[in-house]
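Residue numbers (my numbering), protein chains in the order written: chain Z, 105 to 217; chain Y, 105 to 217; chain W, 2 to 131; chain C, 2 to 131.
C-beta atoms are modelled at their ideal positions from N, C-alpha and C, and glycine is treated no differently.
For reference, the structure is listed below as structure tokens.
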Amino acid sequence: MAETFGISEKTGDGVSVVSATGEIDIATAPPLRRQLEASIDRGPAVVVVDLLGVTFMDSTALGVLVGALKRTRAAGGALRIVVSDTRVLKVFEITGLTEVFSIFATVEDAVRG
Amino acid sequence: MAETFGISEKTGDGVSVVSATGEIDIATAPPLRRQLEASIDRGPAVVVVDLLGVTFMDSTALGVLVGALKRTRAAGGALRIVVSDTRVLKVFEITGLTEVFSIFATVEDAVRG
Amino acid sequence: MIDRIELSLPASAELLVLARLTAATVASRAGFDVEEVEDLRLAVDELCISMVEEGAGGRLRIEFVRDAGLIEVSCGHEPEPGGAGSVTGDPTLRDLSARILDALVDEHGRDTRGGQKRAWLRKQRARQEA
Amino acid sequence: MIDRIELSLPASAELLVLARLTAATVASRAGFDVEEVEDLRLAVDELCISMVEEGAGGRLRIEFVRDAGLIEVSCGHEPEPGGAGSVTGDPTLRDLSARILDALVDEHGRDTRGGQKRAWLRKQRARQEA
Ligand SMILES: Nc1ncnc2c1ncn2[C@@H]1O[C@H](COP(=O)(O)OP(=O)(O)O)[C@@H](O)[C@H]1O
Ligand SMILES: Nc1ncnc2c1ncn2[C@@H]1O[C@H](COP(=O)(O)OP(=O)(O)O)[C@@H](O)[C@H]1O
């Protein structure tokens, strides 16, 4: 029941890792969007979005990720997504976005690229 | 979300341990009552009701335990309750039933008496 | 800001979990702490129990009103057309239920209007507004 | 047996969690398997999202009807008296939302009656009755 949504960020060596936990929906997507914009605007070569702790996400969450992908590309960087939960992966699959995003199974893999 | 209510029983050496897990409410109390009645009617000296895996209980659950206590006493046996969760313990406290039941913190303690 | 949430459902034991989930969500949103959220979850369960006695049928209409740190909940029973209305329960259970409500909420009561039974409660958050 | 559950609440982003919880509970009760329960939870979220665009205000009226293994959900928006009605959202998001609904439910649609928008879906349990 507790609204366990959270965001944290780790930066170093030209890589920013933004980790989200809990449910990303229309209520919690805006803080994620603001964090991603802030991280991207600092200009790292790679932004990793770690969704390992995410238990639910909907089209609003996907919209935030699509916006972040465009913003990273415009800044000449790369955006990589980390997903392992099959439910979360399913949301990317049914919207065809597995073709659009670079998706990795662990943060280490995503950092390595 | 999953309705995780469950009941199991272990019997031996004149002691029956009935373990409940999940939420005991007006919907799930009846199967618990039937299990307790069956266990008591087999005539063990001690019936232990293990509530360690219980995440929610209400007055209906208390009613089942009060009924089981009466039934055990009528049969010349003893009923012991195992609780460790503070929320579950609170339900006994605010109804004054900590005075009525023998409550233990572990199944081992309850079996020993 | 005042939130009003209404839930209407068959008076069925298996659906009370929805009243509890709604109670906990409303309480969280009102800034109740974890203990108070659990208190309201249990109190709303007790409020509704008396309206879903076995065989009574009909529907429950549960209303949650939140005004800052105060939550009011009422649970009314709408009998089925031609139904028997809600049955009076076991006095031991009624007494246990009343003790739980006494301990967990600030005020609670029951009334009957036009043959429809209703139980209500009111609980104020302890913590001051952040 | 037919269950009908109605939920009426402010059209607020933070309260959509209640629509999801109700969807998951109704689907569980209808014997949907874990995957189908999660599908319905997401589909109902998508159904409601378009009705709670920022600043639109008003209330949502969400109805869940279960008849054996079939669940129908409708989410209607009641504008505030004198309010602007619901705002039309971002086309990219609308497209993503439609793809999710296409994948997860058997049928879905939208309509407008007397100025009130409504979205609905229908999902049948895959598994046969036990
Ligand atoms: N002690 C009580 N016992 C039974 N019913 C009560 C009691 N106090 C209030 N009520 C009923 O509960 C209803 C809700 O009370 P309240 O929330 O004060 O607001 P309102 O009078 O605005 O409805 C009242 O209308 C009254 O009929
Ligand atoms: N393809 C569609 N597009 C838009 N609205 C639809 C569509 N199909 C049905 N509807 C609307 O959705 C409503 C719900 O449909 P349905 O569940 O079939 O039952 P009913 O006609 O009994 O309300 C219908 O009344 C109709 O107005």
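At what residues does the alpha helix (DSSP H) containing residue i begin and finish?
{"i": "C/Ser-29", "result": "17 to 30"}
{"i": "Z/Val-215", "result": "211 to 216"}
{"i": "W/Asp-103", "result": "92 to 105"}
{"i": "C/Ala-13", "result": "It is Ser, not Ala, that sits at residue 13 of chain C in the sequence shown. Run containing C/Ser-13: none; DSSP gives neither H nor E here."}
{"i": "Z/Thr-164", "result": "163 to 178"}
{"i": "Y/Ala-142", "result": "133 to 145"}
{"i": "Z/Val-192", "result": "190 to 198"}
So which of the options has the shortest CA-CA distance to residue i?
{"i": "Y/Phe-160", "options": "Y/Gly-217, Y/Phe-196, Y/Asp-129, Y/Val-187", "result": "Y/Asp-129"}
{"i": "C/Ile-3", "options": "W/Ile-6, W/Leu-8, W/Ile-3, W/Ala-12", "result": "W/Ala-12"}
{"i": "W/Gly-77", "options": "W/Gly-58, W/Val-38, W/Leu-22", "result": "W/Gly-58"}
{"i": "Z/Ser-123", "options": "Z/Val-195, Z/Val-211, Z/Leu-193", "result": "Z/Val-211"}
{"i": "Z/Ala-131", "options": "C/Ala-24, C/Arg-111, C/Glu-81, C/Glu-15", "result": "C/Glu-15"}
{"i": "Z/Val-119", "options": "Z/Arg-137, Z/Ala-142, Z/Val-150", "result": "Z/Val-150"}
{"i": "Y/Arg-191", "options": "W/Leu-97, W/Val-53, W/Glu-37, W/Met-52", "result": "W/Glu-37"}
{"i": "Z/Glu-141", "options": "Z/Thr-108, Z/Ala-178, Z/Asp-189, Z/Leu-201", "result": "Z/Ala-178"}
{"i": "Y/Gly-200", "options": "W/Phe-33, W/Ala-104, W/Pro-92", "result": "W/Ala-104"}
Do you know how far the Cα of residue j is from the Cα of residue i?
{"i": "W/Glu-79", "j": "W/Arg-60", "result": "5 Å"}
{"i": "Y/Met-105", "j": "C/Thr-26", "result": "Annotation note: pLDDT 42 at Y/Met-105 (below 50); position unreliable, coordinate value reported separately. Answer to the nearest angstrom: the Cα atoms are 7 Å apart."}
{"i": "W/Arg-67", "j": "W/Gln-125", "result": "10 Å"}
{"i": "W/Leu-94", "j": "Y/Val-168", "result": "9 Å"}
{"i": "C/Val-106", "j": "Y/Gly-171", "result": "46 Å"}
{"i": "W/Glu-73", "j": "Y/Ile-144", "result": "42 Å"}
{"i": "W/Leu-71", "j": "Y/Pro-148", "result": "49 Å"}
{"i": "Y/Ile-198", "j": "C/Asp-46", "result": "38 Å"}
{"i": "Y/Asp-162", "j": "W/Leu-43", "result": "7 Å"}
{"i": "Y/Arg-175", "j": "Y/Gly-110", "result": "22 Å"}
{"i": "W/Ala-127", "j": "Z/Ile-185", "result": "42 Å"}
{"i": "W/Leu-122", "j": "Z/Leu-156", "result": "41 Å"}
{"i": "C/Leu-17", "j": "Z/Ile-207", "result": "28 Å"}
{"i": "Y/Ala-133", "j": "Y/Thr-125", "result": "12 Å"}
{"i": "C/Arg-5", "j": "Y/Val-158", "result": "29 Å"}
{"i": "W/Leu-97", "j": "C/Phe-65", "result": "33 Å"}
{"i": "W/Thr-113", "j": "W/Ser-9", "result": "18 Å"}
{"i": "Z/Gly-181", "j": "C/Ile-50", "result": "31 Å"}
{"i": "Z/Phe-196", "j": "Z/Leu-166", "result": "8 Å"}
{"i": "Z/Lys-194", "j": "Z/Glu-113", "result": "25 Å"}
Quick one: list the residues of chain W neighbouring residue i, beta-carbon separation under 8 Å, in chain order.
{"i": "Y/Val-195", "result": "Leu-43, Ile-101"}
{"i": "Y/Ile-111", "result": "Residues of chain W passing the Cβ test: none, with the nearest at roughly 17 Å."}
{"i": "C/Glu-7", "result": "Glu-7, Leu-8, Ser-9, Leu-10"}
{"i": "C/Asp-4", "result": "Leu-10, Pro-11, Ser-13, Leu-16"}
Residue i versus chain W: which residues are under 7 Å apart at the beta carbon?
{"i": "Y/Arg-191", "result": "Glu-39"}
{"i": "Y/Thr-178", "result": "It should be pointed out that residue 178 of chain Y corresponds to Ala in this sequence rather than to Thr. Neighbours of Y/Ala-178 on chain W: none; closest Cβ ~16 Å, over 7 Å."}
{"i": "C/Val-18", "result": "Thr-26"}
{"i": "C/Arg-30", "result": "Glu-15"}
Taking 8 Å as the CB-CB cut-off, is residue i touching chain A?
{"i": "W/Leu-22", "result": "Absent from the structure: chain A. Protein chains present are Z, Y, W and C."}
Looking at the unbroken beta strand (DSSP E) that takes in residue i, where does it start and where does it end?
{"i": "W/Ala-44", "result": "That residue, W/Ala-44, is in no beta strand (DSSP E); its alpha helix (DSSP H) goes 35 to 50."}
{"i": "Z/Ala-182", "result": "182 to 186"}
{"i": "W/Gln-125", "result": "117 to 125"}
{"i": "Z/Lys-113", "result": "First, the residue type needs correcting, since residue 113 of chain Z is Glu and not Lys in the sequence shown. Start and end: 110 to 116."}
{"i": "W/Gly-110", "result": "108 to 114"}
{"i": "Z/Ile-130", "result": "Premise fails: Z/Ile-130 is in no beta strand (DSSP E) and is neither H nor E."}
{"i": "W/Glu-73", "result": "71 to 79"}
{"i": "Y/Phe-208", "result": "206 to 208"}
{"i": "W/Val-66", "result": "60 to 68"}
Name the chain C residues that come within less than 7 Å of residue i, Cβ to Cβ?
{"i": "Z/Thr-199", "result": "Leu-97, Arg-100, Ile-101"}
Please compile the residues from chain Z whose C-beta is within a distance smaller than 8 Å of the C-beta of residue i.
{"i": "C/Ala-14", "result": "Asp-129, Ile-130, Ala-131"}
Whose Cβ in chain Z lies nearer than 9 Å to the Cβ of residue i?
{"i": "C/Ile-50", "result": "Asp-129, Ile-130, Asp-162, Ser-163, Thr-164"}
At 7 Å on the CB atoms, spell out the chain Z contacts of residue i, in chain order.
{"i": "C/Leu-94", "result": "Ser-163, Thr-164, Gly-167"}
Against residue i, what residues of chain Y qualify as contacts under a CB-to-CB distance less than 7 Å, listed in chain order?
{"i": "W/Asp-46", "result": "Asp-129, Asp-162"}
Would you mind telling me which residues of chain Y sit closer than 8 Å to residue i, beta carbon to beta carbon, in chain order?
{"i": "W/Asp-91", "result": "Gly-167"}
When you check each C-beta in the region 159 to 172 of chain Y against every C-beta of chain W, which residues fall closer than 9 Å? Of all residues in the region 159 to 172 of chain Y, only Phe-160, Met-161, Asp-162, Ser-163, Thr-164, Leu-166, Gly-167, Val-170, Gly-171 place a beta-carbon less than 9 Å from a beta-carbon of chain W.
Residues of the region 104 to 121 of chain W with a CB closer than 8 Å to any CB of chain Y: list them in chain order, please. Residues Ala-104, Leu-105.
Taking Cβ-Cβ distances below 7 Å as the criterion, which residues of the region 53 to 67 of chain W are in contact with chain Y? Taking 7 Å as the Cβ-Cβ cut-off against chain Y, the residues of the region 53 to 67 of chain W that qualify are Val-53.
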